[in-house]
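Read through the structure below, which is laid out as structure tokens, and then see the notes.
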Amino acid sequence: MGDLAKMVHEEHEQLDKTLTQIQNEALELILQEEDSQTEGIIMEFSAGVGGQESMLFCSEILEMYSNYCDSEGWDFELTDVERSDLEGVRHAALTINDPEAYKRLRFESGVHRVQRVPKTEKAGRVHTSTVAVAILPRPSEVTVTIEHKDLKIETKRASGAGGQHVNTTESAVRITHLPSGLVAECQTQRSQMQNRKVAIDKIRARLFQMKIDQQLASTRSSRKLQVGSSSRSEKIRTYNFPQDRVTDHRINFTSHNLGEFLRGARTFEILLGRLQEESHKERVAEFLEQIKL
Numbered sequence: 001m002g003d004l005a006k007m008v009h010e011e012h013e014q015l016d017k018t019l020t021q022i023q024n025e026a027l028e029l030i031l032q033e034e035d036s037q038t039e040g041i042i043m044e045f046s047a048g049v050g051g052q053e054s055m056l057f058c059s060e061i062l063e064m065y066s067n068y069c070d071s072e073g074w075d076f077e078l079t080d081v082e083r084s085d086l087e088g089v090r091h092a093a094l095t096i097n098d099p100e101a102y103k104r105l106r107f108e109s110g111v112h113r114v115q116r117v118p119k120t121e122k123a124g125r126v127h128t129s130t131v132a133v134a135i136l137p138r139p140s141e142v143t144v145t146i147e148h149k150d151l152k153i154e155t156k157r158a159s160g161a162g163g164q165h166v167n168t169t170e171s172a173v174r175i176t177h178l179p180s181g182l183v184a185e186c187q188t189q190r191s192q193m194q195n196r197k198v199a200i201d202k203i204r205a206r207l208f209q210m211k212i213d214q215q216l217a218s219t220r221s222s223r224k225l226q227v228g229s230s231s232r233s234e235k236i237r238t239y240n241f242p243q244d245r246v247t248d249h250r251i252n253f254t255s256h257n258l259g260e261f262l263r264g265a266r267t268f269e270i271l272l273g274r275l276q277e278e279s280h281k282e283r284v285a286e287f288l289e290q291i292k293l
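Using this note's numbering, you'd call the opening residue of the sequence shown number 1 and step up by one each time.
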């Protein structure tokens, strides 16, 4: 009888292990469904509150993400940029061509706030400025098809800082997607055809993001971590220079190594990992809540 009880106990333990493995594999499949298969992402940067100081910080944030892409060995390109007279950035778009980029960087969308004494501040007062970041997944042309008849394409001469024209040909492109009203512009590429391709890619990415937003609208309202461009008004992070501190307000993350963080180095990578973990927990909790119903 003792041997039989031992066999039953061992079989029960094995069944428990098998069941746990099946549950974990099922959860992974469910979680992967939301991680839409993309070819990469388009990161959009826009200077916000703070004038020239905001534009200077926008340039630094852009460099931070570029450094991170470089360290990961990702193929990336600055496909659109509008610079200010003082080497700041009013608006920019960074196209990253790697399927892993969306998974790693999707929670970077939102308002990034900087607190520091500007170089132009004579009284030594700390100013607060903001930069908005949007993450748009890049679908394949097959995933999101765009009919040429649905596009209104306008061209003009490209202009540089201060509004002066940088060439004599109409290479700058503005495209309106008539059914949705979405508008995209590009003037940084050398030819009109290249600018047109970049603008259409932006339209395609935004249409794809709208589709994702609709699919997730019923589940993600309670999440601390939002994705894409819909949460651009949400303050997600503060970079405090006087205190050498960076704080992510969604997951209680604080680091006192601001310089390393802004280089896109180890501290930045640690935060990205923490955000992934929090997202995983939220999605598992959502799934378990749904199967109770």
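Just so you know, even glycine gets a beta-carbon here, dropped at the ideal spot from N, CA and C.
No experiment lies behind these values; they were computed from the predicted model shown.
For Gln189, which residues of its own chain have a beta-carbon under 7 Å away from its beta-carbon, when the five flanking residues on both sides are left out?
Asn195 and Val198
Hey, out of Ser109, Thr145, Arg174 and Phe76, whose CA is closest to Leu275's CA?
Ser109
Taking the straight line between their C-alpha atoms, what separation do you get for Phe107 and Glu10?
So the two alpha carbons sit approximately 44 Å from each other.
Whether Asn257 touches Thr267 by CB criterion (8 Å):
yes
Need the endpoints of the beta strand (DSSP E) that Asp70 sits in, please.
First-last for Asp70: Gly51 to Glu72, but that is the alpha helix (DSSP H), not the beta strand (DSSP E).
For Ser231, does the three-state DSSP call read helix, strand or coil?
Any answer about Ser231 is weak, because its pLDDT of 43 lies below 50 and its placement is not dependable; what the coordinates show is given next. DSSP places Ser231 in the coil class of the three-state scheme, outside both helix and strand.
Sequence ranges, alpha helix (DSSP H) only - wholly within the stretch 98 to 159, length at least 4
100 to 105
Extent of the continuous alpha helix (DSSP H) run through Leu258
Leu258 to Leu262
Within the same chain, show all residues whose beta-carbon is closer than 6 Å to that of Gln214, passing over the 5 residues directly before and after it, in chain order.
There are no such residues.
Cβ distance (whole Å) where Glu53 is taken to contact His127 below 8 Å:
Yes, Glu53 and His127 are in contact; Cβ-Cβ is about 6 Å, under 8 Å.
Based on the DSSP secondary-structure assignment, which residues constitute the bridge partners of Leu288?
Leu288 pairs with nothing; no bridge assigned.
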